[in-house]
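A.B. asks:
Residue numbers (our numbering): 398 to 488.
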């Protein structure tokens, strides 16, 4: 192998190594750019879960209050009916 060929080969090897290094640097940069996005996405997901949990709790409380009101109305209705029965019996 002539000196010129060897020199050319060394140059090509150097370029290959340099390209690999540049590729590696690029990948690291991209990973760093993605990190904040991933963190932000995680925070968003967590926030959404929290909000969903809160909405569920509020819904449960609302359902509970409605159920209590329904029972109260039912009770009042029964009392009214009993009063009317008593009046009819007296009259």
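For glycine and all other residues, C-beta sits at the position ideal for the given N, C-alpha and C.
All of these numbers come straight from a predicted model, not from anything done at the bench.
Measuring only the C-alpha atoms, how far is residue 433 from residue 403?
C.D. replies: The straight-line gap from Cα to Cα measures roughly 46 Å.
A.B. asks: In whole angstroms, what is the alpha-carbon distance linking residue 441 and residue 419?
C.D. replies: When rounded, the distance between both Cα atoms is 33 Å.
A.B. asks: Could you check the C-alpha separation between residue 406 and residue 426 for me, to the nearest Å?
C.D. replies: Roughly 30 Å separates the two Cα atoms.
A.B. asks: Quick one: Cα of residue 450 to Cα of residue 456, how far?
C.D. replies: Near 10 Å, if we compare the C-alpha coordinates of residue 456 and residue 450.
A.B. asks: Can you grab the Cα-Cα spacing for the pair residue 414 / residue 438, in whole Å?
C.D. replies: For residue 414 and residue 438, the distance between alpha carbons rounds to 36 Å.
A.B. asks: Measure the alpha-carbon distance for residue 483 versus residue 473 and round it to whole angstroms.
C.D. replies: Each residue's Cα considered, the two are about 15 Å apart.
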